[in-house]
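To convert, note that position 59 of the sequence shown is 63 in the working numbering; the numbers rise steadily by one, no gaps.
Heads up, the beta-carbon is just placed ideally off N, CA and C, and yes, glycines get one too.
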Amino acid sequence: MRFSTVTILAAVLAAVSAAQFTVDIKNFSFVPATLNVQPGDNVTWTNSDAVAHTVTTDAAGFDSGSLAQGKTYTHTFAAAGTYAYHCSIHPTMKANVVSGTPTSGTGAAPSPSGKPSSGSALSAPAKVIMAVGAGAVALTQLL
Ligand SMILES: [Cu+2]
Numbered sequence: 005m006r007f008s009t010v011t012i013l014a015a016v017l018a019a020v021s022a023a024q025f026t027v028d029i030k031n032f033s034f035v036p037a038t039l040n041v042q043p044g045d046n047v048t049w050t051n052s053d054a055v056a057h058t059v060t061t062d063a064a065g066f067d068s069g070s071l072a073q074g075k076t077y078t079h080t081f082a083a084a085g086t087y088a089y090h091c092s093i094h095p096t097m098k099a100n101v102v103s104g105t106p107t108s109g110t111g112a113a114p115s116p117s118g119k120p121s122s123g124s125a126l127s128a129p130a131k132v133i134m135a136v137g138a139g140a141v142a143l144t145q146l147l
């Protein structure tokens, strides 16, 4: 029972490491105009305007194609960097997604979350069990 709980905890920790962000396309603008994410995070754009828009990177990258009202587009920012993008239908609509910390420059890779996180997930319950054990000993001595 305890081992399956630890396994689930490790799986949850791995799943939440990639965050989800949203950008609203509203009144001919991207909100927020600058979004900060970490490599591996997902961003979903939703067009709330009655007219179609696109999410298109200035440089080679990604292009949502035409998004009608209510349509969404999701992109995963696997690599660090600053991604300037615009609407190809309305070129004055401009915004940025900044992936990773700008000062760290190229490829400051996040620490591998596989084995270290599962290790800490295993050690945390062990500490709790030890603390509970110590408490039981202290209670026994009081009685
Ligand atoms: Cu547009």
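Original post:
Does at least one heavy atom of ligand 1 sit under 8 Å from the Cβ of Ala56?
Top reply: The count along the sequence shown starts at 1 and reaches residue 56 at position 52. The answer is yes for Ala56.
Original post:
Around the C-beta of Thr105, are 16 or more other C-beta atoms found within 10 angstroms, so that it is buried, or is it exposed?
Top reply: Position 101 of the sequence shown, counting from 1, holds the residue named residue 105. By the 10 Å Cβ count, Thr105 comes out exposed.
**OP:** Whole angstroms is fine: what's the gap from Ser88's alpha carbon to Gly69's?
**Re:** For this step, residue 88 is matched to residue 84 along the sequence shown. For this step, residue 69 is matched to residue 65 along the sequence shown. Position check: residue 88 holds Ala in this sequence, whereas Ser was assumed. Ala88 and Gly69: Cα-Cα distance of roughly 16 Å.
Original post:
Expressed to the nearest angstrom, what Euclidean distance is found between the alpha-carbon atoms of Thr86 and Lys98?
Top reply: The residue you call residue 86 lines up with position 82 of the sequence shown. The residue you call residue 98 lines up with position 94 of the sequence shown. About 13 Å.
Original post:
Comparing the CB of Phe32 with every heavy atom of ligand 1, is any distance shorter than 8 Å?
Top reply: Position 28 of the sequence shown holds residue 32. Answer for Phe32: yes, Cβ within range of ligand 1.
Original post:
Cβ-heavy atom distance between His94 and ligand 1 below 8 Å?
Top reply: In the sequence shown, the residue the question calls residue 94 occupies position 90. For ligand 1, at least one heavy atom lies less than 8 Å from the Cβ of His94.
Original post:
Secondary structure at Ala99, three-state DSSP: helix, strand or coil?
Top reply: Position 95 of the sequence shown, counting from 1, holds the residue named residue 99. In this structure, Ala99 counts as strand in the three-state DSSP scheme.
Original post:
Taking Cβ to Cβ, would you say Phe44 is nearer than 9 Å to Thr76?
Top reply: On the sequence shown, position 40 is the one that residue 44 refers to. On the sequence shown, position 72 is the one that residue 76 refers to. The question names Phe, but residue 44 is Gly in the sequence shown. Contact annotation: Gly44 and Thr76 have beta-carbon atoms that are not nearer than 9 Å.
**OP:** Output the boundary residues of the beta strand (DSSP E) element that contains Lys30.
**Re:** As a working mapping, residue 30 is identified with position 26 in the sequence shown. In the DSSP annotation of this structure, the continuous segment of the beta strand (DSSP E) that includes Lys30 starts and ends at 24-30.
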